[in-house]
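Peer 1: Submitted below is the structure of interest, expressed as structure tokens.
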Amino acid sequence: MSSIPKITTLDKVVLRFSGDSGDGMQLAGNIFTNVSAALGNQVSTFPDYPAEIRAPQGSLSGVSGFQVSVGTGVHTPGDACDVLVAMNPAALKQNVKFLKPDGIVIADSDSFRPADLQKALFTTDDPVAELGLKDERVVRVPITTLTKAALADSGMDVKAVLKCRNIFALGLVCWLFDRPLERAIEHLRTKFAKKPAVFEANSKVLRAGYDYGANTHATGAVYRIETEEPVAGVYTDITGNKATAWGLIAASERSGRPLFLGSYPITPATDILHELAKRKDLGVKAVQMEDEIAGVCSAIGASFAGDLAVTSTSGPGLALKSEGIGLAVIAELPLVVIDVQRGGPSTGLPTKTEQTDLMQALYGRNGESPVAVVAPASPTDCFTMAFEACKIAMEHMTPVILLSDAFIGNGSSAWRIPDENELPAINPPLLDAANCPADWKPYMRDAETMVRRWAIPGDEHGRPHRIGGLEKDFNTGAISTDPANHERMVNARREKIAKIANDIPALEVMGSGDADTLLVGWGGTYGHLRTAAAELNDEGCKIDFAHFRYINPLPANTGEVLSRYKRVIVAELNTGQFADYLQSRFAQAHISRINKVQGQPFMVGELKDRITEIIDNKL
Amino acid sequence: MKDEKTTFSAADYKSDQSVRWCPGCGDHAILNSLHKAMAALGVAPEKTAVISGIGCSSRLPYYMNTYGFHTIHGRAAAVATGYKIARPDMTVWQISGDGDGLAIGGNHFIHALRRNIDINILLFNNKIYGLTKGQYSPTSDRGFVSKSSPYGTVEDPFVPAELVFGARGHFFARSIDVELETSREVLEAAVRHRGASVVEMLQNCVIFNNGIHNFITDREHRADRTIHLRHGEKMLFGADMNRGIVADGFGLKAVTIGEDGWTIDDVLVHDATTPSSFLHHQLAMMDGHDLPLAVGVIRDVESPVYNDALEEQIAEVRGRKNFKSLREMALAGDTWTVG
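What follows is the structure in structure tokens.
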């Protein structure tokens, strides 16, 4: 037993759990996150799991990770971790690159037998040396043995006992980061509500892990993490995908239109379908259709019938839905299309993150078919932007594509549950007795917004009418092949989308406002970009930062903001799609690019290096 | 449109659009039958939606004074499914041709049936692509010569009824464009059936496939080459109604009553409601050669309906959880309070 451990106070720490994909790393990470958020820490998570459901045990391809940053000023899950939990040699090998130089590893020493090392393709019997780790930075804990010992009297079989190893590790890090166990136990109670014996075993193992740390002072230091006072209210931990689902429900409540989801399972968007399927308790109709096309088409049918209609997918599914989205464009029906972007092309990197569907969202349809495009900036912003997407779709009678991504969709943060009526009103342009002119025709437009009315079928004010994918006469709405009329309709649909700019917030700039360089991003990279800009300014490198959540139309002041800077650096997880889009609209802007297409989010460090390089070399 | 009207005439379902199908096209007759069937059913035009894909037949919604949606090729079943789920109170028709419904839309067709959503699928079968000017379709016979099969097709066709039964469909009826009364009868029966219904209409494309059904529809032979099946009635046909369908081992045989010792008692009685599709399948496969082609309601079996079950499940879950709003639901979850 060593002496009283040193207690270190930190603004934020980054912890990474890693193990086999069957080792329960996601569960341990989620509980740690919840417990931390409840203590008043800001949290940001990044689940990094393999595409294989169960790769061979102990193999490099089967490693699953969960990274979480907790503390104050947390906008990203962190580039690298202070503490890495490695349940086997493969996890250590795969994740050592995410460890800070002064970080520590907690390894299950029982899983480092010769056979385990072989599976992880180590060539020597000393994995620590082979990976270039300093021996004193590795804390070897016989997690398997200790878990078995803790459950010796439980009567559980070995397999069931081994499933609790993750919770031993969780208990140990709860001690390390000074997290009280009560809340973690509550989580276990909920998780294993239907299996009391499993709950008992896990809470026993959790305590065993905690006590092991406390009794042995395993790491020689305990961390206290700063908390900051967030806005008063009731909070819950929420992933981006769940927040998206809840944003849709909130928009349904505010607009009075029932919520319909037509979807088809696809990684990493399926959790939206899962969540909405659960929400029958709020009257949501979530339908798993036979394919992606049926997903969007059923939503279009529901929209014609008067529902707030949504389809959720990822890039490959968006490609399949293109023709359907075009139908909603010409029919001028509200439709929300959620694309949780992943690595492409084709099946690509299904579980990894990218921002490579921007051009597809903007232009990926036949004919002139403009749609609104918005992109949430963080897991909790998924709620706000899903709500916004619905508001725009209904108030402007148009499809809206929401470009989320795997990083923010799977990542989570603490989210304040909004009060009743805190959210803006949504006023769909319903056709009713009060506003229906005697000579009403389906494609009559509001002179100001160019929006047509939503004539919902079947009630006492119903107006039977026909719509469709053929071009329509501007005045009567009847089928028209007149050349001049077609051009007029193309322009009307385009103008309608452009006018949405009147209803969206201006682009905000963070920073002093007098820097020469503006860092620009869009969507899910917000946390990394904001952190990089803040750190550069702290270090004396002046840079302002503007982040786009409204992509089409762009905020009305975009040109004016860009014109204030000598240099605009657009950083994005693709080969330059948003940079091209901005350049095509604002030819005068001097745009430099930072691009990354590795299926991984940016790292703050690499962003700072690239930004400094661009500024120093006047690129 | 506050409408106290409870009885309707065929004219109430006609829109003001001029009908643009080719003169002599079988679609005109089918449209008229649909107007009449809807009037007879008494479903108000504003309680009706007609949703189509792409093709000649898919122009039909423009000619109905109801809610209408002319969608995209092959997807009408999916659009109609979403529509019916959103508004189960509406009567929903899906209009498709053999190309729209069985080729590009084949997946949606079988899944609408499997799911048993309460829509009425009107399948116009003229064994040709008309709107694209004459290519073979998934119902064209092997060897059929068309612009896209100048040496004859080398593939077998679908028989729509077989697909319906294979997809576990519970309602199948058939009529011929020129048989107005039979058409009206089966269209009404399709609406009355709760769940997905398929009505196959043998339809003549006067331009690109004129006479494709002549073997059946030819006035001289129609009585001998078709049989009108009615639930609970003997399977009799022929100009003198003296021929009948009898069991022949596991198959069927056409006989003449009074010949070879066959009596009226040997003739089968049609049971459209029996859950097994075994006999329905054999009846639907009769093609007018050895056995007469069957028109009328061949299968009409009750089964749980998707949209009903969905509404029931929602009501049950809502009653159990009793959340009034998203906020209430969120607050009941795992939360903590700050400040």
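Residue numbers (numbering that gives the first Met the number 0), protein chains in the order written: chain A, 0 to 618; chain B, 0 to 338. Virtual Cβ for every residue (Gly too), placed ideally from N, Cα, C. Every value quoted in this text rests on a predicted model; they were computed, and no experiment measured them.
1. When the Cα of alanine 37(A) is compared with those of Lys162(A), Asp107(A), Glu225(A) and Asp236(A), which residue comes out closest?
2. Under 7 Å Cβ to Cβ from valine 489(A), same chain only, skipping five residues before and after it: list those, please.
3. Checking 9 Å against the spacing of the C-beta atoms, do serine 377(A) and glycine 520(A) come in under that value?
4. Excluding five sequence neighbours on each side, which residues of the same chain lie with their C-beta closer than 6 Å to the C-beta of proline 428(A)?
5. In this structure, what does DSSP give as the bridge partners for cysteine 173(A)?
6. Does the Cβ of threonine 123(A) have 16 or more other Cβ atoms within 10 Å, making it buried, or fewer, making it exposed?
7. Which term fits isoleucine 29(B), buried or exposed, when burial requires 16 or more other beta carbons within 10 angstroms of its beta carbon?
8. Using a C-beta to C-beta distance shorter than 7 Å, which residues of chain B count as neighbours of valine 233(A)?
9. Report all residues from its chain with a CB closer than 6 Å to the CB of alanine 330(A); omit the five preceding and five following residues, and keep chain order.
10. Determine the chain A residues that contact valine 339(B) at a beta-carbon separation under 8 Å, and present them in chain order.
11. So with CB distances below 7 Å, who are the chain E contacts of aspartate 280(A)?
12. Can you tell me whether DSSP reads cysteine 55(B) as helix, strand or coil?
13. For the alpha helix (DSSP H) that cysteine 381(A) lies in, which residues bound it at each end?
14. Do phenylalanine 585(A) and leucine 561(A) have their CB atoms nearer than 9 Å?
15. Below 8 Å, can you find three or more Cβ-Cβ pairs linking the segment 376-392 of chain A to the segment 341-360 of chain A?
16. Measuring alpha carbon to alpha carbon, tell me which residue in Asp81(A), Tyr580(A) and Leu161(A) is nearest leucine 361(A).
17. Quick one: residues in its chain with C-beta nearer than 8 Å to the C-beta of isoleucine 215(B), no 5 flanking neighbours on either side, listed in chain order?
18. For the segment 216-242 of chain B, enumerate the residues whose C-beta is nearer than 9 Å to any C-beta of chain A, in chain order.
19. Whose CA, out of Pro159(B), Asn213(B) and Gly338(B), lies closest to the CA of proline 137(B)?
20. At the 9 Å Cβ level, is phenylalanine 339(B) part of the contact set with chain A, yes or no?
21. Could you tell me the alpha carbon to alpha carbon distance between valine 185(B) and serine 345(A), rounded to whole angstroms?
22. Determine the extent of the beta strand (DSSP E) in which glutamate 12(B) is found, giving its start and end residues.
23. Report the partner residues of aspartate 107(A) according to the DSSP bridge assignment.
24. Run through chain B and tell me which residues come within less than 8 Å of phenylalanine 259(A), C-beta to C-beta.
25. Closer than 7 Å by C-beta to valine 163(B): which residues in its own chain qualify, once you throw out the five before and the five after it? Chain order, please.
26. If we ignore side chains and look at the alpha-carbon of each, how far apart do glycine 318(B) and alanine 331(B) end up?
27. Jot down the residue ranges of each uninterrupted alpha helix (DSSP H) in the segment 237-323 of chain B, minimum 4 residues, whole runs only, in chain order.
28. Taking only beta-carbon atoms, is asparagine 106(B) less than 9 Å away from chain A?
29. Here's the rule: buried if 16 or more other CB atoms are within 10 angstroms of the residue's CB, otherwise exposed. What is serine 411(A)?
30. Report the residue ranges of all alpha helix (DSSP H) runs contained in full by the segment 107-131 of chain A; include only those spanning at least 4 residues, in chain order.
31. Please specify which runs of the beta strand (DSSP E), each continuous and at least 3 residues long, are wholly inside the segment 256-290 of chain A, giving them in chain order.
32. Between the Cα of phenylalanine 259(A) and those of Ala268(A), Leu247(A), Pro267(A) and Tyr564(A), spot the shortest distance and give me the residue it belongs to.
33. With C-beta atoms as the reference, is tyrosine 62(B) less than 9 Å away from glutamine 93(B)?
34. Are any of the Cβ atoms in chain B nearer than 9 Å to that of histidine 186(A)?
35. Is it right to say phenylalanine 277(B) is buried, meaning 16 or more other beta carbons lie within 10 angstroms of its own, or is it exposed?
36. Comparing alpha-carbon positions, which option in Gly194(B), Glu199(B), Gly151(B) and Ile84(B) lies nearest methionine 284(B)?
Peer 2: A quick look at the data gives this:
1. Asp236(A)
2. Glu367
3. no
4. Val450, Arg452 and Trp453
5. According to DSSP, cysteine 173(A) bridges with nothing at all.
6. exposed
7. Buried.
8. Under the 7 Å cutoff, chain B gives Leu330, Thr334 and Thr336.
9. Ile466
10. Past the edges of chain B, shown from 0 to 338, lies residue 339(B), and the structure says nothing about it.
11. Among the protein chains of the structure shown, namely A and B, there is no chain E.
12. Here DSSP, grouped into helix, strand and coil, assigns cysteine 55(B) to coil.
13. Counting along the chain, the alpha helix (DSSP H) containing cysteine 381(A) begins and ends at 380-394.
14. Contact: yes.
15. no
16. Tyr580(A)
17. Ile175, Leu201, Arg221, Arg224, Thr225, Gly287 and Leu292
18. none
19. Closest option to proline 137(B), Cα to Cα, is Pro159(B).
20. This structure leaves residue 339(B) out entirely; chain B is present only between 0 and 338.
21. About 46 Å.
22. Per the sequence shown, residue 12(B) should be read as tyrosine rather than glutamate. Taken as a continuous stretch (DSSP letters only), tyrosine 12(B) belongs to no beta strand (DSSP E), as it is neither H nor E.
23. Val140(A)
24. Gly81, Ile84 and Ala85
25. Taken in chain order, the residues that qualify are Leu112, Phe171 and Val197.
26. 16 Å
27. Entirely contained in the segment 237-323 of chain B, the alpha helix (DSSP H) runs reaching 4 residues are, in chain order, 277-284 and 305-320.
28. yes
29. buried
30. 113-118 and 126-129
31. 258-262 and 284-287
32. When only C-alpha atoms are compared, the closest one is Leu247(A).
33. no
34. yes
35. exposed
36. If we check each option's Cα against that of methionine 284(B), Glu199(B) comes out closest.
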